[in-house]
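These notes concern the structure reproduced below.
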Amino acid sequence: MQTKNFAALRVTGLLAGAALALSSVPVFGAAAAGQPGTSPNEDAFPNYESYIKITGQAASISGDGAAFQNRVRQPENGGGGIEDLHVSRDVSKTTTVTIDGRALTGAENYLARINVTKTEFGSVDAGYKRFRTFYDGVGGFFPLSKAWYPLNKQDLHVDRGQFWAEARLAMKDAPEFTLRYSNETRSGKKDSTSWGDSDLTGLPNNNPPISPARKFMPSYLKLGERYEVLEGTMKQTFGKTTAHLRIFGDRSHKLDTRYVTRFPGEIRPFPTPAATLLVPALNMNNEVQLTQTDGADTKSFGIDGTTATVLTANLTLRTGLSYHLVNGDFNGNRLLLTSTPTATGVVVVSTGDFRELAGDSRVKVYEGRISLEMAASKYLAVTAGLRAEDSYAKGASAFNVLAASGTPAVTVASTPRLAASRVKDQSLSPELDFRYTGIADLALYGSGSWRILNGDDRTTSAYNPITSPAPAATNLFFNDWSENRGHYNLGASWRQSALLTLRGDVFQKTHGNKSVGYGIRIGDNYVLDTQFTGLKLTGIFRPHATVTCTTRYVYQTGKMQVTGIIPGAEKYDSMSSKNHTIDETFDWNPTAQFYLQANANLVFNVISTVYPRAGVTPASVSTAGVAQASFNSNNVLQNSDNNYVNGSLLVGAVLTKSDDLQLIGTYYRADNGNAFLAPLTLPFGVAIKEYSLAVGLKHKFSKKWNGTAKLGYFESKNSTTGGNTNFRGPLAYIAFEHAL
Numbered sequence: 001m002q003t004k005n006f007a008a009l010r011v012t013g014l015l016a017g018a019a020l021a022l023s024s025v026p027v028f029g030a031a032a033a034g035q036p037g038t039s040p041n042e043d044a045f046p047n048y049e050s051y052i053k054i055t056g057q058a059a060s061i062s063g064d065g066a067a068f069q070n071r072v073r074q075p076e077n078g079g080g081g082i083e084d085l086h087v088s089r090d091v092s093k094t095t096t097v098t099i100d101g102r103a104l105t106g107a108e109n110y111l112a113r114i115n116v117t118k119t120e121f122g123s124v125d126a127g128y129k130r131f132r133t134f135y136d137g138v139g140g141f142f143p144l145s146k147a148w149y150p151l152n153k154q155d156l157h158v159d160r161g162q163f164w165a166e167a168r169l170a171m172k173d174a175p176e177f178t179l180r181y182s183n184e185t186r187s188g189k190k191d192s193t194s195w196g197d198s199d200l201t202g203l204p205n206n207n208p209p210i211s212p213a214r215k216f217m218p219s220y221l222k223l224g225e226r227y228e229v230l231e232g233t234m235k236q237t238f239g240k241t242t243a244h245l246r247i248f249g250d251r252s253h254k255l256d257t258r259y260v261t262r263f264p265g266e267i268r269p270f271p272t273p274a275a276t277l278l279v280p281a282l283n284m285n286n287e288v289q290l291t292q293t294d295g296a297d298t299k300s301f302g303i304d305g306t307t308a309t310v311l312t313a314n315l316t317l318r319t320g321l322s323y324h325l326v327n328g329d330f331n332g333n334r335l336l337l338t339s340t341p342t343a344t345g346v347v348v349v350s351t352g353d354f355r356e357l358a359g360d361s362r363v364k365v366y367e368g369r370i371s372l373e374m375a376a377s378k379y380l381a382v383t384a385g386l387r388a389e390d391s392y393a394k395g396a397s398a399f400n401v402l403a404a405s406g407t408p409a410v411t412v413a414s415t416p417r418l419a420a421s422r423v424k425d426q427s428l429s430p431e432l433d434f435r436y437t438g439i440a441d442l443a444l445y446g447s448g449s450w451r452i453l454n455g456d457d458r459t460t461s462a463y464n465p466i467t468s469p470a471p472a473a474t475n476l477f478f479n480d481w482s483e484n485r486g487h488y489n490l491g492a493s494w495r496q497s498a499l500l501t502l503r504g505d506v507f508q509k510t511h512g513n514k515s516v517g518y519g520i521r522i523g524d525n526y527v528l529d530t531q532f533t534g535l536k537l538t539g540i541f542r543p544h545a546t547v548t549c550t551t552r553y554v555y556q557t558g559k560m561q562v563t564g565i566i567p568g569a570e571k572y573d574s575m576s577s578k579n580h581t582i583d584e585t586f587d588w589n590p591t592a593q594f595y596l597q598a599n600a601n602l603v604f605n606v607i608s609t610v611y612p613r614a615g616v617t618p619a620s621v622s623t624a625g626v627a628q629a630s631f632n633s634n635n636v637l638q639n640s641d642n643n644y645v646n647g648s649l650l651v652g653a654v655l656t657k658s659d660d661l662q663l664i665g666t667y668y669r670a671d672n673g674n675a676f677l678a679p680l681t682l683p684f685g686v687a688i689k690e691y692s693l694a695v696g697l698k699h700k701f702s703k704k705w706n707g708t709a710k711l712g713y714f715e716s717k718n719s720t721t722g723g724n725t726n727f728r729g730p731l732a733y734i735a736f737e738h739a740l
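Just so we're aligned, residue 1 is where the sequence shown starts under the working numbering, counting upward by one.
Structure follows, in structure tokens:
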């Protein structure tokens, strides 16, 4: 979408504005409440108890407008309205009414809320809010052929909304009751990474086993979801025990549809030639329209109770019990419509469809919790706890399979399928936390949690009840499975002096998953283990009362092991990862009229699977007698790099008794592009460079009137998409705030 939009600038009459989402950055500097150097004097900008803020924003974007919307979370065509409305009034000595509102067109961001609170009686709170998230309907970019095929309607969006109503009764010396209802929705369209195939890559079609097809065609999701919750709570104190009881019920409705096109615009010739050496890319495959609908309706009921009992001044006992029941019905269709050439023309045929899916499921979960908080001494605090859980889930489904046969494949037949599963498991999760402050200026702390789970899984995979009234042994799976998870952290915080504070943490996360077949499935075996270990270091240096330097370093390394179905097979490393994150923040507040903050962030991240162990796959001849050329497998299964650097600069100054100035700059760069891999795979590395600049002015017209104006510029260059999603241009924002 190539645009230059000045209309919104004229309509709103904006004089200045903000780059990116900088309109949401609190303005401005030393005179703003909560900023360094703030002093409660008459020149400072007041914090109104009740106010209304009217704003407008617009942009003049050159380039891809949909990419701009997705990146900065603002509408390309601008908008405006009430950014913030807050009214608070005491209607009596004991009753306060609060109203909040927002109505921003373009961004489609709305809020209406009212709260009435009566001291020592309770409150009523109700409202509705909605906001829009922008998405960009593009797929991938293939560098060899410069292939780029965005959706016809590239600018997509999803609207999220919520209505709620809550009543709370909190009378003196009586139980506190709360009743709340909420209704959340999500609807609209968003891009999907389940991309479709294309042969329009410029690669040769006679180089087996290397296929010329790559997945970079865009796809999208159409969402329609609703989630409702009705819950009631009670809180009461009996002597030294405080009890909470929560009873809730919820229901959800989801109907989401995914749209994918495979090989768009392609059609095979009829009859299909024996050799494809001279066949052009547009005749390599047949176009397939995939439409998958996933529907689910659930209802659940739950009850949860907790207690906290002060046994002594140094000992508190906490307990909890809960029960949760979920019933679900699900449905769906997976339609594959293939354009099939015949002697009489192209016929659209259903191939490999799954239709009329209908099923149900039921889940029960029981949980118990107990913990003891101990002040073992003046300097040592320890918390030990245990959680136990028992869950049971079962489900069954039925659907029909449509398959095409014949030459060409235009004869469609439908056959039924049945499937079922049952899973039950029990788990124990002990937890331990401690904190020790018995050494001057030093705090030691640590935590550990474990989860030990054992379960049983019985699955009947899909079978045809017509040809096999009872499922065959090959459709039955019986597995004992277990999980062992451990999360550990140990750290220290040392205040060396008023100039220097140091903090360090080491951590480890281990997950072990094992599934072993029994009965007729003896021999089935699967193991998946992961380990992540790292450290976090933080240093805060204050060389001067007006200067603070904060340095952070995070290091994490990970490993994953897996083994297949053969008993006794050794585990092997299937994944390794390494991450370094360095962050530096510099704060300078030399006077009450000026402040500066600079931030820089550097990240090195790599995930490796089989590279560089894959090596070279030698040439061979297939069972059909087709020669297979040798190729470097390392160029198919490369490492995944996510290295990037970003930074920001924020400067604020008080110009006069009525004016504050703010300057903002941001920078981001990632250079992980690997187009050289295109002959063997689809390159995924991100290569992008972005920066933004903005200047803002806040002016106090009177004790009841403030104004804010910002003007900014944003530029994004995205080599990952071949420059097709580049954009740049100025952005403008203006706001007026009035005390009510």
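We put the beta carbon where it would ideally sit given N, CA and C, even for glycine.
1) For a minimum of 3 consecutive residues, which ranges assigned as the beta strand (DSSP E) are wholly contained in the segment 178-203?
2) Whose C-beta lies closer than 8 Å to the C-beta of residue 557 among residues of the same chain, with five residues either side of it excluded?
3) For the beta strand (DSSP E) containing residue 594, name the first residue and the last one.
4) For residue 637, which three-state DSSP category applies?
5) Can you give the Cα-Cα distance for residue 22 and residue 107, rounded to whole angstroms?
6) Please classify residue 351 as buried or exposed, where buried requires at least 16 neighbouring CB atoms within 10 angstroms.
7) Apart from the five residues just before and just after residue 38, which ones in its own chain have a Cβ nearer than 6 Å to its Cβ?
8) If you draw a straight line from the C-alpha of residue 709 to the C-alpha of residue 664, how long is it?
9) Starting from residue 741, follow its DSSP beta bridges and name the residues at the other end.
10) Check whether the Cβ atoms of residue 56 and residue 80 lie closer than 7 Å to each other.
11) In angstroms, rounded to a whole number, what distance separates the CA positions of residue 466 and residue 416?
12) If you draw a straight line from the alpha carbon of residue 327 to that of residue 224, how long is it in whole angstroms?
13) On the three-state DSSP scale, how would you describe residue 562?
14) Could you give the distance in angstroms between the alpha-carbon of residue 304 and the alpha-carbon of residue 478?
15) Please return the same chain residues whose Cβ sits closer than 7 Å to the Cβ of residue 489, not counting the five positions on each side in sequence.
16) Considering only DSSP beta bridges, list what residue 431 is partnered with.
17) Check residue 731 in the structure and name its three-state DSSP category.
18) Is it right to say residue 615 is buried, meaning 16 or more other beta carbons lie within 10 angstroms of its own, or is it exposed?
19) Between residue 291 and the rest of its own chain, which residues show a CB-CB distance below 7 Å, the 5 nearest in sequence each way excluded?
20) Could you pull out every residue in the same chain whose Cβ sits closer than 6 Å to the Cβ of residue 801, ignoring the five residues on either side in sequence?
21) With a cut-off of 8 Å, do at least 3 Cβ pairs link the segment 150-161 to the segment 55-69?
22) Output needed for residue 25: all residues of its chain with C-beta closer than 7 Å, excluding positions within five of it in sequence on either side, in chain order.
23) Counting only runs that start and end within the segment 526-588, where is the beta strand (DSSP E) found for 3 or more residues in a row?
24) With 16 other CB atoms within 10 Å as the buried threshold, where does residue 718 fall?
25) Can you tell me whether DSSP reads residue 654 as helix, strand or coil?
26) On the DSSP bridge assignment, give the partners of residue 660 in chain order.
27) Could you check the C-alpha separation between residue 251 and residue 75 for me, to the nearest Å?
28) Is the CB-CB distance between residue 293 and residue 332 below 7 Å?
29) Based on Cα-Cα distance, which residue from 698, 690, 687 and 692 lies nearest to residue 656?
30) Report all residues from its chain with a CB closer than 6 Å to the CB of residue 514; omit the five preceding and five following residues, and keep chain order.
31) Quick one: what does DSSP say residue 721 is sitting in, helix, strand or coil?
32) Taking 7 Å as the cut-off, decide whether the C-beta atoms of residue 460 and residue 484 are in contact.
33) If you drop the 5 nearest sequence neighbours on each side, which residues of the same chain put their C-beta closer than 8 Å to that of residue 270?
34) Under 8 Å by Cβ, that's how I've got residue 421 and residue 400 pegged, so tell me the actual separation to the nearest angstrom.
35) Please go through the segment 446-515 and give each complete beta strand (DSSP E) segment of 3 or more residues, from N-terminal end onward.
36) Taking the alpha carbon of residue 436 as the reference point, which residue from 382, 469, 472 and 428 has its own alpha carbon closest?
Looking at the atomic coordinates:
1) none
2) Locating residue 557 in the sequence shown gives position 557, counting from the first residue. Here the set comprises 532, 533, 534, 576, 577, 578 and 579.
3) Position 594 of the sequence shown, counting from 1, holds the residue named residue 594. Per DSSP, residue 594 belongs to the beta strand (DSSP E) from 594-608.
4) To locate residue 637, count along the sequence shown from 1; it is residue 637. Residue 637 falls in the coil class under three-state DSSP.
5) Taking the first residue of the sequence shown as position 1, residue 22 is located at position 22. Taking the first residue of the sequence shown as position 1, residue 107 is located at position 107. With a pLDDT of 36 at residue 22, under the threshold of 50, the modelled position of that residue is not reliable, and no figure is offered here.
6) By one-based count along the sequence shown, residue 351 stands at place 351. Classification of residue 351: buried, given that the 10 Å Cβ count is 16 or more.
7) If you number the sequence shown from 1, residue 38 lands on position 38. Low local confidence applies: a pLDDT of 41 at residue 38 is under 50, so the model's placement there is unreliable, and no value is given.
8) On the sequence shown, position 709 is the one that residue 709 refers to. On the sequence shown, position 664 is the one that residue 664 refers to. Looking at the two C-alpha atoms, the distance is approximately 13 Å.
9) The question about residue 741 has no answer, for the chain in this structure spans 1 to 740.
10) Start at 1 with the first residue of the sequence shown, and residue 56 comes out as number 56. Start at 1 with the first residue of the sequence shown, and residue 80 comes out as number 80. Taking 7 Å as the Cβ cut-off, residue 56 and residue 80 qualify as a contacting pair.
11) Along the sequence shown, read from residue 1 onward, the residue named residue 466 stands at position 466. Along the sequence shown, read from residue 1 onward, the residue named residue 416 stands at position 416. Cα to Cα, residue 466 sits roughly 8 Å from residue 416.
12) Along the sequence shown, one-based indexing puts residue 327 at 327. Along the sequence shown, one-based indexing puts residue 224 at 224. Approximately 20 Å, taken between the alpha carbons.
13) Within the sequence shown, numbered from 1, the residue matching residue 562 stands at position 562. Strand at residue 562.
14) One-based indexing of the sequence shown puts residue 304 at position 304. One-based indexing of the sequence shown puts residue 478 at position 478. Whole-angstrom Cα-Cα distance: 33 Å.
15) Looking up residue 489 in the sequence shown gives position 489. The answer, listed in chain order, is 446, 447, 505 and 507.
16) As a first step, residue 431 must be located in the sequence shown, where it is residue number 431. Paired residues: 385 and 449.
17) Translated into the one-based positions of the sequence shown, residue 731 becomes position 731. It is a strand residue.
18) What you label residue 615 is simply residue 615 of the sequence shown in a count that begins at 1. The residue is exposed, with fewer than 16 neighbouring Cβ atoms inside 10 Å.
19) Your numbering for residue 291 matches position 291 in the sequence shown. Hits under 7 Å: 257, 259 and 335.
20) The chain is shown only over 1 to 740; residue 801 falls outside these bounds and no answer can be derived.
21) yes
22) Sequence index remark: in the sequence shown, residue 25 carries index 25 (1-based). Because residue 25 sits at a pLDDT of 38, beneath the cut-off of 50, its placement in the model cannot be relied upon, and the point is left open.
23) 547-563
24) Counted from its first residue, the sequence shown places residue 718 at position 718. The residue in question, residue 718, is buried, as its Cβ has 16 or more Cβ neighbours within 10 Å.
25) Numbered from its first residue, the sequence shown carries residue 654 at position 654. DSSP places residue 654 in strand when its eight states are reduced to three.
26) As a working mapping, residue 660 is identified with position 660 in the sequence shown. Bridge partners of residue 660: 654 and 698.
27) As a first step, residue 251 is located in the sequence shown; it is residue number 251 there, counting from the start. As a first step, residue 75 is located in the sequence shown; it is residue number 75 there, counting from the start. Cα to Cα, residue 251 sits roughly 33 Å from residue 75.
28) Against the sequence shown, residue 293 aligns to sequence position 293. Against the sequence shown, residue 332 aligns to sequence position 332. Going by C-beta atoms, residue 293 is nearer than 7 Å to residue 332.
29) Sequence index remark: in the sequence shown, residue 656 carries index 656 (1-based). The shortest Cα separation from residue 656 among 698, 690, 687 and 692 belongs to 698.
30) Taking the first residue of the sequence shown as 1, we reach residue 514 at position 514. Closer than 6 Å at Cβ, skipping near neighbours: 482 and 527.
31) To locate residue 721, count along the sequence shown from 1; it is residue 721. In the structure shown, residue 721 sits in a helix (DSSP, three-state: H, G or I).
32) In the sequence shown, counting from the first residue as 1, residue 460 sits at position 460. In the sequence shown, counting from the first residue as 1, residue 484 sits at position 484. Their beta carbons are not under 7 Å apart, which means residue 460 does not touch residue 484 by this criterion.
33) Your numbering for residue 270 matches position 270 in the sequence shown. Result list for residue 270: 341, 342, 343 and 408, in chain order.
34) Start at 1 with the first residue of the sequence shown, and residue 421 comes out as number 421. Start at 1 with the first residue of the sequence shown, and residue 400 comes out as number 400. That belief does not hold up - the Cβ atoms of residue 421 and residue 400 are roughly 19 Å apart, past 8 Å.
35) 476-495
36) Here residue 436 refers to the residue found at position 436 of the sequence shown. Out of 382, 469, 472 and 428, 382 has the C-alpha closest to the C-alpha of residue 436.
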